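This note's numbering runs 359 ahead of the 1-based position in the sequence shown. From the three backbone atoms N, C-alpha and C, an ideal C-beta is built for every residue, glycine too. All values reported here derive from a predicted model rather than from experimental measurement. Presented below is the structure to which this report refers.
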Amino acid sequence: MRRALLCLAAGILMMTPALTAPAAAQTAVPASQASRIERVVSPGGIEAWLVRQTHLPILAVSFAFRGGTAQDLPGREGTANLMTALLDEGAGDLDSEAFNGRLQDRAIEVSFSASRDLFSGSLRTLTEHRAEALDLLRLALTRPRFDPAPLERMRQAVLASVRRASTNAGSIASDTFWATAFPGHPYGRRGAGTLDSVAAITAADLSTLHRRLLARDHLKIAVVGDITAAELAPLLDMVFGDLPAKAELTPVPEAVIAGTGERRVIPLDVPQATISFGLPGLKRDDPDFIPAFVLNHILGGSGFSSRLYQEVREKRGLAYSVSSGLAAFDAAGLVTGGTSTRNDRAAESLAVITAELKRLGAEGPTELELEQAKRYLIGSWALRFETSTQIASNLIRLQLDGFQPDYLDRRNGLIDAVSLDDVRRVARRLFGDPKMLVVVVGKPEGM
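Here it is in structure tokens:
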């Protein structure tokens, strides 16, 4: 609810469009146990991926629908975001106080979030409260109330976040970057909306978007916990069966990042300049995505060995952190990145970043860099599956990307198979002529 609300309103530049989840009870399950995934189909035809765990009395459910903030109507930007904050503010016969009281009495966790392409949610509960938790989730998804008092309360919370974001360097950089990268496109709009658009959203707008987005044809579900396939199957129909059969999504046009080669400086009286940059990347179904994933780790991925980290922070002390990432949306692919640095060193920082992109495009990575990247990416894979909530969330991501359960076992092999020729070819493809869109917010000297 409020967590998703504040994240979207902050307008943080998204490095990867992946679903994330908070820490839950420790239930470590190695990714190699992909064979434990059961595909459960309800009597009504609703499918879920199930990982049964009996050692802890916990049930975690993650789900996602295609269609997110990109489905907001012009002039009503922020509708999907506001809806995430209201689905558990009263549903069915329960008003906001009664609904949240039942959640709190049973320590049931329910949350919803919206990204550009997805509307998603999760539930976590003790097994003994499973029936009540799933019934509350059913009500939130199928019979939300959008009552006036909660609507106005959540609206004011969003508006306060939008106002704060308007003076935050990171938010300004992000908003300007996406608006410039995708002018006139749904990806270029603020997911949290604007002061005018949020003020204009009505309960009818929320109800209409709810009906359009939350439908069974684009639904993906993952369940982890102490439940059998036979028990789960009818519960899928109980929770999700009353949703419409088909979503009413507006097609999102294919897009390529605009503004490459452009540098935009937004004056703001702050001691540090925030730099956001981006250039054309790859969508998830591109045959070169896995080599690009490895290549990005070498350029500016997690860890302390990336080229950007070494050149910008370690060798020159220009910034505390710097990173890059692959943003693979349904209708566009980008390489994005950013850093924050002193105003008097912003020009130097950007010059170093640009030089590293050009060098990587011209020469590609070294054999040692490739081997170190593969070891890190393979070794850290299991860390994504340490909790029941993380497992469910990652299984949703696999479904959305079109993979089968065996991808859990195949993924490290795909990483290991990436050759030096592969990453050098992709480096030439992505960075051979690295014309970037750059947005700088602050008082950068020499820019």
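- Judged by their CB atoms, Val782 and Val653 are nearer to each other than the 8 Å cut-off.
- Residue nearest to Val611 within the set Gly640, Asp431, Arg575, Ala686 is Asp431 (criterion: CA-CA distance).
- If you ignore the 5 residues before and after Val785, its C-beta comes within less than 8 Å of the C-beta of Asp647, Pro650, Ala651, Leu654, all in its own chain and listed in chain order.
- Contact between Pro503 and Ala429 is absent: CB atoms are separated by about 21 Å, not below the 8 Å threshold.
- In the three-state reduction of the DSSP assignment, Lys717 falls in the helix class, which pools H, G and I.
- Secondary structure note for Ala786: it is in no beta strand (DSSP E), and the uninterrupted alpha helix (DSSP H) holding it is 779-790.
- Between Gly660 and Ser683, the C-beta spacing is below 8 Å.
- According to the DSSP assignment, Glu456 belongs to the alpha helix (DSSP H) that extends over 455-464.
- For Gln631, the pairing in a beta bridge is given by DSSP as Arg701.
- Taking 8 Å as the cut-off, the Cβ atoms of Ile625 and Ile531 count as close.
- If you compare the alpha carbons of Ala592, Glu613, Gly772 with that of Gly404, the shortest gap goes to Ala592.
- Straight through space, the alpha carbons of Lys733 and Arg675 are spaced by roughly 26 Å.
- The beta carbons of Ser455 and Asp506 sit closer together than 8 Å.
- A direct Cα-to-Cα measurement between Ala457 and Ala444 gives close to 16 Å.
- Contact annotation: Leu658 and Arg666 have beta-carbon atoms nearer than 8 Å.
- Straight through space, the alpha carbons of Lys717 and Glu728 are spaced by roughly 17 Å.
- Per the coordinates, the alpha-carbon of Ser470 lies some 12 Å from the alpha-carbon of Asn459.
- Secondary structure at Gly738: helix, using DSSP grouped into helix, strand and coil.
- Residues of the same chain with a CB within less than 6 Å of the CB of Glu607, apart from the 5 flanking positions on each side, are Arg571 in chain order.
- Looking at the backbone, the Cα of Ser699 and that of Thr633 are separated by about 4 Å.
- Pro650 carries a helical assignment under DSSP once its states are collapsed to helix, strand and coil.
- Around the CB of Leu495, 16 or more other CB atoms lie within 10 Å, so the residue is classed as buried.
- Of the residues Met597, Gly618, Asp564, Ala710, the one whose Cα lies closest to the Cα of Phe536 is Gly618.
- Counting along the chain, the unbroken alpha helix (DSSP H) around Arg769 starts and ends at 766-775.
- Boundaries of the alpha helix (DSSP H) harbouring Pro507: 507-524, taken from the DSSP string.
- Less than 8 Å divides the Cβ of Ile396 from the Cβ of Leu409.
- In this structure, the CA atom of Gly692 is about 25 Å from the CA atom of Ser421.
- When beta bridges are read from the DSSP output, Ile396 appears opposite Val410.
- Buried is the label assigned to Arg489, since at least 16 other Cβ atoms lie within 10 Å of its Cβ.
- For the 8 Å CB-CB criterion, Arg575 and Phe541 do not form a contact.
- Take Gly480, set aside five residues on each side of it, and the residues of its chain with a beta-carbon closer than 6 Å to its own are Phe422, Phe471, in chain order.
- At the C-beta level, Arg425 and His569 stay beyond 8 Å of one another.
- Excluding the 5 residues flanking it on each side, Leu518 has same chain C-beta neighbours closer than 8 Å at Leu554, Val557, Ala558, in chain order.
- Beta bridge pairing from DSSP links Arg425 with Leu477.
- DSSP places Leu727 in the helix class (H, G or I) of the three-state scheme.
- For Phe541, DSSP records no beta bridge to any residue.
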